Each structure stands twice: as structure tokens, then as C-alpha cells.
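So in our numbering, the last spot in the sequence shown is 95, and the numbers never skip.
Idealized CB from N, CA, C, for every residue including glycine.
Only a predicted model underlies this, so the values are computations on that prediction, with no experimental measurement involved.
What follows is a set of notes on a single structure, which appears directly below.
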Amino acid sequence: MISLELVKEWMKLDGDEYDSMAQELLESASSICADVLRLNSVEELEPSPVNKIAILYCMAYLFEHREDADHNQLKINLRALLESERKAAF
Numbered sequence: 006m007i008s009l010e011l012v013k014e015w016m017k018l019d020g021d022e023y024d025s026m027a028q029e030l031l032e033s034a035s036s037i038c039a040d041v042l043r044l045n046s047v048e049e050l051e052p053s054p055v056n057k058i059a060i061l062y063c064m065a066y067l068f069e070h071r072e073d074a075d076h077n078q079l080k081i082n083l084r085a086l087l088e089s090e091r092k093a094a095f
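Here it is, written out as C-alpha cells:
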């Protein structure tokens, strides 16, 4: 859904030194967003613009806050961003 090139452009990364970290962050962010959306797997993520922005936002947050990430606040922000896309759960 999101290419490594787009990730590097979004995060303003030059060169190849962060490629493996960026790929791992992409996978982690996709998984976190799938969880927030209450999906069974990452494969169920639809390539909608809001989902892409949420994944890129999550990646940038995790990259910038490598040492002190507040995962609870991150999920609250993602829930607000993805509210219209979330599956209803009862």
C-alpha cells in the first residue's frame, strides 16, 4: 500500500542508512493502524487516503520519539484520525 520511497520522502530521509528501520516502522505502523481499525490483519487495510496518512503519521511519530514514545497517546490520536474508518464493535 505504501512504498519505501514514499516513506523516505514523507520522513525526509536521504540515502539508504535508514531503509531497514523505515521498513520496520512501516510494518509496525500498519499493524498499529489495523489494530485501531479493529481489523483481523494488516492485509485488510484498505488503501484509502486517510489510512495512508494515519500510517505515515504513526511512522513519523515512532521515528521521532524512538526513545520516549507515548503509545497510549499515539493510539488516541490514531482513533481520532481513523474514527470514520473504524469497524463498529459491540
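Residue i by DSSP, collapsed to three states: which one?
{"i": "Asp21", "result": "coil"}
{"i": "Arg84", "result": "helix"}
{"i": "Ser33", "result": "helix"}
{"i": "His70", "result": "coil"}
{"i": "Ile7", "result": "coil"}
Considering Cα atoms alone, identify which of the options is closest to residue i.
{"i": "Leu18", "options": "Ile58, Leu79, Leu86, Glu69", "result": "Glu69"}
{"i": "Gln78", "options": "Ile58, Cys63, Lys92", "result": "Cys63"}
{"i": "Ile37", "options": "Ala93, Leu87, Asp21", "result": "Leu87"}
{"i": "Trp15", "options": "Ile60, Leu42, Ser25, Ser53", "result": "Ile60"}
{"i": "Ser53", "options": "Leu9, Gln28, Glu90, Glu10", "result": "Glu90"}
{"i": "Met26", "options": "His76, Asp40, Arg71, Leu42", "result": "Arg71"}
{"i": "Arg84", "options": "Leu42, Val12, Glu10, Leu9", "result": "Leu42"}
In whole angstroms, what is the alpha-carbon distance linking residue i and residue j?
{"i": "Tyr66", "j": "Leu31", "result": "11 Å"}
{"i": "Ala44", "j": "Tyr23", "result": "In the sequence under discussion, the amino acid at residue 44 is Leu, which differs from the Ala named in the question. Using only the alpha carbons, I get a separation of about 29 Å."}
{"i": "Met1", "j": "Lys57", "result": "No answer is possible for residue 1: it lies beyond the span of the chain, which begins at 6 and ends at 95."}
{"i": "Ala34", "j": "Lys92", "result": "18 Å"}
With a CB to CB cut of under 8 Å and the five nearest residues on each side skipped, what residues in its chain are close to residue i?
{"i": "Asp21", "result": "none"}
{"i": "Ala74", "result": "Tyr66, Leu67"}
{"i": "Leu9", "result": "Asp24, Ala27, Gln28, Leu31"}
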